[in-house]
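Structure first, then comments.
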Amino acid sequence: MLAADRSHAHPSPRKLRRQTIVSNNPPASTSSSSTKSFNSTAFLIEKCEELKVNVYGTINSNYRDFLNTSDYVLDLRDEIASIAEKVEQAKAQAEDGDKSFLTKLHLSSRSIKTLEQDLQALGILARLHYELQNFDHLVNIGEFVGAAATVAEMSLLVETLQELPNCDKSVFNVVKSQTLIRRATLRHRLNDLFHSIFSFSHGIDGVNKLTVSQRIPMTAGKEYFDNPPTIEDLFAALATADMLQEKLQWLGQQLIPTFIVNVIKQPTAQVTQIKNKLHSQLLFAGGKKVTTAGNLKSHLSTALEKIIFVCQFMLENGLPTGAPLGDDPPSYAKSFGETWAESLCRALLENALMPLIPDDKASLERFSELSESVRGFDAQLKELELIPPNREDLVTFISNLHHHYTLKRRNELLRVARDILLSDDTNTYLVTEGTERGGVAFLTKGTKEGKSAEGPSDKRENGKFMGGKDGVEVNDSSIKLPAMHISVQAQMLMELVYQTLLEAEKTEDQQSAIELFFCARDLVDLYRAITPQHLADVIESSITRAMIFYCDCEYIVHHLITLGYQFATKLPPPVKSYGTFVDLVPSFRKLGEYYFRNQLRHQRDVILNQLGLLTSLEDLSNEAKFKNIETHIKFLVNHLTGIAKSWKAVLPKEMALQAVGLLLDTTLTSLIEKLRAITTLNMEDSYQLKYILSIVRRLEECFYVTKLDAKRKVIEKAPIPKYAKTWELFISIVDALVRQDPVAFVSFVSGLKDNVILGKAYE
1 MLAADRSHAH PSPRKLRRQT IVSNNPPAST SSSSTKSFNS TAFLIEKCEE LKVNVYGTIN
61 SNYRDFLNTS DYVLDLRDEI ASIAEKVEQA KAQAEDGDKS FLTKLHLSSR SIKTLEQDLQ
121 ALGILARLHY ELQNFDHLVN IGEFVGAAAT VAEMSLLVET LQELPNCDKS VFNVVKSQTL
181 IRRATLRHRL NDLFHSIFSF SHGIDGVNKL TVSQRIPMTA GKEYFDNPPT IEDLFAALAT
241 ADMLQEKLQW LGQQLIPTFI VNVIKQPTAQ VTQIKNKLHS QLLFAGGKKV TTAGNLKSHL
301 STALEKIIFV CQFMLENGLP TGAPLGDDPP SYAKSFGETW AESLCRALLE NALMPLIPDD
361 KASLERFSEL SESVRGFDAQ LKELELIPPN REDLVTFISN LHHHYTLKRR NELLRVARDI
421 LLSDDTNTYL VTEGTERGGV AFLTKGTKEG KSAEGPSDKR ENGKFMGGKD GVEVNDSSIK
481 LPAMHISVQA QMLMELVYQT LLEAEKTEDQ QSAIELFFCA RDLVDLYRAI TPQHLADVIE
541 SSITRAMIFY CDCEYIVHHL ITLGYQFATK LPPPVKSYGT FVDLVPSFRK LGEYYFRNQL
601 RHQRDVILNQ LGLLTSLEDL SNEAKFKNIE THIKFLVNHL TGIAKSWKAV LPKEMALQAV
661 GLLLDTTLTS LIEKLRAITT LNMEDSYQLK YILSIVRRLE ECFYVTKLDA KRKVIEKAPI
721 PKYAKTWELF ISIVDALVRQ DPVAFVSFVS GLKDNVILGK AYE
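According to the UniProt record's numbering, the stretch in the sequence shown is residues 1 to 763, in order.
As structure tokens, this is what we get:
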């Protein structure tokens, strides 16, 4: 509960104040009674309580508006200081060893400490009340520098008061909220004044304008007609209120796109200034035409001169001379330079210098004149203090022009690779060991023309490739590239990788060569990052697309195995010793196998679902049941035949036959289980069953392979048992059905559960 809220339990503050004055000012003849009053036990405590009632009441009456303000003293700082001095005297006598003084007052050291804390809190509250009233007065007369200093002082007092335990929490919350309100008021007023002084406008006709008022305009300064604030006053107040960096940052963010970037895009446009006693204006009279990189190269010096003109306008009209108050603070110009330097340099690099990087190395040598212009521009900005002296963004860019050319080239290569991978071209490209660079052919033998494949060395000694890998043989088919179809995207991507590495070999600048080497690695990684996402819908549902993706991964792996060995030794250190692409091989293999296995599982599920629709192979004399079984079997055979045709056209021959063999095993295993479930079979049913199995037997066409022999197509039949272990068992069942009578056939099929042949089918 506030002391002011308990005022009905005590005499009124004015009455207490009158009694205190009488007791503290007795006639001269009664000095002994004065000493007695000073030594009374209740004197200091009662006086402190009286001050507490006055201070709390003053705060409540002024900021809560429920008590009469006239009942309280407005400024109690002197009285609080007087009582605090008496308590300090008592404390000093106690420290000097006069314990009798404390005994007379019936006080302890603990009581003195409590009084000190109470008086400290009351002193701060009285000071806060004074500063709050003073702030309102300063704002009303337009003294914003003093108002900002007052807010800073109040914030420090609130922080100190928060640490004191003897201050009433509700009163503390009142003064704290009032301090925050004054701070928000100051920020709002300063923000309005700042935006009334600096005004940016963008015309439809391409005319951009900055207006800087030297005094507050009439619309914003009508309250301060007698003494309107100047731009110097505003900046000093912003610095005191800790808002200067924020506003300077806003100023830079507006100035760069409004003038700097437009000057770069239209260097021939006019930039002028208009001045009078009230304001200064900076105008950019551009149009809709934007300068290309070629035109910018011839007008870069002009653009830089106009940017210097814009900067000088800001120094003369927008930024006051001098610096804020404080311990050697930087000037306003230097503060602005530190604030906008990063954004300015970024805008110049992105809009002026980077577009000028040529697309060919031959043009790099013709940049000496432009380099001098940029260096002179950088020196002028530093002389004007509009960029820090240790900021070397522009000079460093010019010095590392070769490296930036490489970075631009890298970005261009990545863009081209991305466009390739996102293209919708569905054509495929046949690749073989003979059509491709790298791989085992690079390590062990030459090309068709008798020349060795591109690489660091092709010398041989005793039949071995000098500098090559031990254990690599010509007939090592495990790392040879089989004939298969890949997507056009994969073929073009790897061709781009080879071109990038060849360019890295020819680059004289070592850093650029290393950058291009890692760019080639990033190009390969793009396939892994983009293609699975771009083809996410078709790669799961299409019979062919998943297998082409698998072939792409195997094709890329084929080149990754030897790419590092082919090119790393011709590149500078550390790539020469450690450059490799082999670390990318496992991820590509896993990626290709993942989608390959997913497609196999999907097709297996389709087959099992179709076979699950067949309840049994008995009672085939029932025409409706026979037609149903015939329909499902034909669908299954056509589906498998279509899969085999698609996969044999894309995958390596062995891989395609193995994949089709797995699906055929799944089909025949389920079908044999249904044949074993037959318990009765009559002659008519046996004829129908022979027809059904004859349809299934057509699946042997899945293993016909087409080869080219002397430019003629030769069709060969692959050994089916090699790829489908249940094929021989199925053929034996068909033969038994043809040779034996129905009863014997049922007996034969039912005995297959213990047959060794069936066991082999599940190995």
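Don't be surprised by glycine CBs; every beta carbon is placed ideally from N, CA and C. All of these numbers come straight from a predicted model, not from anything done at the bench.
Exercise for review: Please specify which runs of the alpha helix (DSSP H), each continuous and at least 4 residues long, are wholly inside the region 708-755, giving them in chain order.
Suggested key: 720-723, 727-739, 742-750
Review point. What residue ranges within the region 236-273 form continuous alpha helix (DSSP H) runs of no fewer than 4 residues, ordered along the chain?
Key: 244-255, 261-265
Practice item. Starting from the C-beta of L430, find all residues in its chain whose C-beta is less than 6 Å away, skip the five residues before and the five after it, and write them out in chain order. Key: H485
Check your understanding: Closest to H279 by CA distance: which of V207, I733, H403, M314 is it?
Key -> M314
Exercise for review: Tell me whether E369 sits in a helix, a strand or coil according to DSSP, three-state version.
Suggested key: helix
Review point. Can you list the alpha helix (DSSP H) stretches of 4 or more residues lying completely in the region 657-709, in chain order?
Key: 683-697
Exercise for review: For the alpha helix (DSSP H) holding M547, just list the boundary residues, first then last.
Suggested key: 545-567
Check your understanding: Which whole-angstrom value is the C-beta distance of A490 and Y555, which I expect to be below 8 Å?
Key -> 6 Å
Exercise for review: Assign L496 to buried or exposed, taking buried as 16 or more other Cβ atoms, counted over all protein chains shown, within 10 Å of its Cβ.
Suggested key: buried
Practice item. Sort L282, Q273, A269 by Cα distance to A303 and report the nearest one. Key: A269
Review point. In whole angstroms, what is the alpha-carbon distance linking N755 and F748?
Key: Residue placement at N755 cannot be trusted, given a pLDDT of 45 that sits under 50; the coordinates are not used to answer.
**Study point:** Cβ shell of S616 (< 7 Å), same chain only, five flanking positions each side left out
**Key:** K674, A677
Review point. Do you know whose CA, among L344, F198, T679, P329, lies nearest I308's CA?
Key: L344
Point to revise | Rounded separation between I197 and L251 - CA only | key: 11 Å
Review point. What is the residue span of the beta strand (DSSP E) that N400 lies within?
Key: Element bounds for N400: n/a, residue is neither H nor E.
Exercise for review: Taking all protein chains shown into account, decide if E350 is buried (16 or more other Cβ within 10 angstroms of its Cβ) or exposed.
Suggested key: exposed
Exercise for review: Give the secondary structure of F336 by DSSP, where H, G and I count as helix, E and B as strand, and everything else as coil.
Suggested key: helix
Check your understanding: Taking C-alpha atoms, which residue in D509, V488, M492, L516 lies nearest to T500?
Key -> L516
Practice item. In angstroms with no decimal places, state the Cα-to-Cα distance between E643 and M655. Key: The sequence given here has Ile at residue 643, not Glu. Distance between the alpha carbons of I643 and M655: 13 Å.
Check your understanding: So, is L422 buried or exposed, given that buried needs 16 or more other C-beta atoms within 10 angstroms?
Key -> exposed
Check your understanding: T41: buried (16+ other C-beta within 10 angstroms of its C-beta) or exposed?
Key -> Because T41 carries a pLDDT of 40, less than 50, the predicted location of this residue cannot be relied on, and the following value inherits that uncertainty. With fewer than 16 Cβ atoms within 10 Å of its Cβ, T41 is classed as exposed.
Practice item. Spatial neighbours of T179 within its chain, please: CB distance less than 6 Å, with the 5 preceding and 5 following residues excluded, ordered by chain position. Key: M154, V158
Review point. Is the region 525-538 touching the region 578-597, taking contact as three or more C-beta pairs under 8 Å?
Key: yes
**Study point:** Bridge-paired residues (DSSP) for L319
**Key:** Answer is none; L319 lacks a bridge partner.
**Study point:** The alpha helix (DSSP H) enclosing residue 770, as first and last residue numbers
**Key:** Since the first and last residues shown for the chain are 1 and 763, residue 770 lies out of range.
Check your understanding: Taking the continuous alpha helix (DSSP H) assigned at K645, which residues delimit it?
Key -> 623-650
Check your understanding: Across which residues does DSSP place F200 in a beta bridge pair?
Key -> L210
Review point. Is the CB-CB distance between L122 and K52 below 8 Å?
Key: yes
Exercise for review: Going by DSSP, name the residue or residues bridged to H279.
Suggested key: S213
Review point. Whole alpha helix (DSSP H) runs in the region 131-191 with 4 or more residues, listed along the chain?
Key: 144-162
Review point. Can you check whether the CB of L282 is closer than 8 Å to the CB of V261?
Key: no
**Study point:** Residue from P257, I231, P330 whose Cα sits closest to the Cα of L319
**Key:** I231
Exercise for review: Please state whether DSSP places T58 in a helix, a strand or coil.
Suggested key: helix
Review point. DSSP state of A483, grouped into three classes?
Key: coil
Exercise for review: Just mark R712 as buried or exposed, buried being the case when its beta carbon has 16 or more other beta carbons within 10 Å.
Suggested key: exposed
Review point. Out of curiosity, what's the CA-to-CA distance linking F745 and Y704?
Key: 30 Å
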